[in-house]
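Start counting the sequence shown at 15; every next residue gets the next number (UniProt numbering).
From the three backbone atoms N, C-alpha and C, an ideal C-beta is built for every residue, glycine too.
Structure record follows, encoded as structure tokens.
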Amino acid sequence: QLKFGVLALQGAFQEHIHMLQNIPQVSSAIPIRKAEQLKTIDALIIPGGESTTMALVAERSGLMEPLREFVRSRRPTWGTCAGMIMLANEANKTKKGGQGLIGGLDITVNRNQFGSQIDSFESLLHINHITTSSDDLFPAIFIRAPIISSINSSNIEVLARLEHDVGETDASAIVAVKQGNLLGTAFHPELTNDDRIHRYFVQLTQDYYNTENERKINNL
Ligand code: GLN
């Protein structure tokens with residue numbers, strides 16, 4: 015039985031908790047506000063919100079280094095929107111002096127890519143591992159969203175791109191990636207009724223621990 019945490023310093027964490035709680039393999043889904051709690055969970059979601067605020071609160075609560083340690087320990091971690099920015103190794107369009115990032119994903123993100131003209135929009139996406147045909151596209155909600163402007167490692171798998179130009183941003187823009195046990199989506203799956211990416215993340219977590227356990231048994 016798997017224990018999930020959702021970073022709950024700021025932003026849309028409650029919606030992620032609700033979605034996780036409805037998935038059978040999930041034994042618990044708890045809000046994470048303290049470093050000690052990270053030791054009790056198998057996988058983590060970092061929600062959308064405002065990444066500069068989230069980083070400030072994380073630093074003040076002494077969570078930044080424990081979060082980096084969590085990601086380094088290879089436990090599955092998924093960042094949505096601001097959460098994906100937090101998981102990026104590099105972010106553009108940040109305030110001078112930069113902002114604290116957890117890092118882990120070898121990507122560069124452009125924050126607030128769509129500007130104030132197109133604050134938010136919904137778009138149907140093909141997503142690797144999630145959608146199978148044009149009949150079951152994923153309804154992706156973008157809110158002051160980032161895009162992935164550069165992929166900096168061959169270990170990154172591109173899961174989704176925009177399907178249509180949005181303002182100045184063209185359809186090839188990358189909006190979802192995977193690197194090992196890390197997932198990043200520029201949009202907000204927790205604000206829809208579609209829990210396919212949540213179920214995919216839970217399955218990835220289960221597969222990871224099954225493999226880990228087998229490895230441990232074989233090494234005994
Ligand atoms: N614009 C926010 C940021 O830069 C992200 C918005 C979101 O998470 N919906 O952190």
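Buried is the label assigned to E204, since at least 16 other Cβ atoms lie within 10 Å of its Cβ. With a threshold of 6 Å, the Cβ atom of E136 does not count as near the ligand GLN, since no heavy atom of the ligand is closer than that.
Beta-carbon to beta-carbon, F152 and I144 are separated by about 6 Å, close enough to satisfy the 8 Å threshold.
For N126, no beta strand (DSSP E) run applies, since DSSP gives it neither H nor E. Counting C-beta atoms within 10 angstroms of its own C-beta, G93 has 16 or more neighbours from the protein chains shown and is therefore classed as buried. Taking 6 Å as the cut-off, the C-beta of G198 does not count as close to any heavy atom of the ligand GLN. In this structure, N126 has its CB closer than 6 Å to one or more heavy atoms of the ligand GLN.
Residue range S65 to R74 is occupied by the alpha helix (DSSP H) that includes S65. In this structure, the straight-line span from the alpha carbon of E226 to that of L197 is close to 19 Å.
With at least 16 other beta carbons inside 10 angstroms of its own, N124 counts as buried. For R82, the CB contacts under 6 Å within the same chain, skipping 5 residues up- and downstream, are I116 in chain order. For N106, no alpha helix (DSSP H) run applies; the uninterrupted beta strand (DSSP E) run containing it begins and ends at A102 to N106, by DSSP.
For I231, the enclosing alpha helix (DSSP H) has its first and last residue at R210 to N233. Here the alpha carbon of Q131 sits roughly 12 Å from the alpha carbon of I157.
If you draw a 10 Å sphere on the C-beta of S65, you find 16 or more other C-beta atoms in it, and that means buried. Here F156 carries a strand assignment [DSSP, helix/strand/coil].
For G62, the Cβ falls inside the 6 Å cut-off from some heavy atom of the ligand GLN. Less than 7 Å divides the Cβ of G114 from the Cβ of E73.
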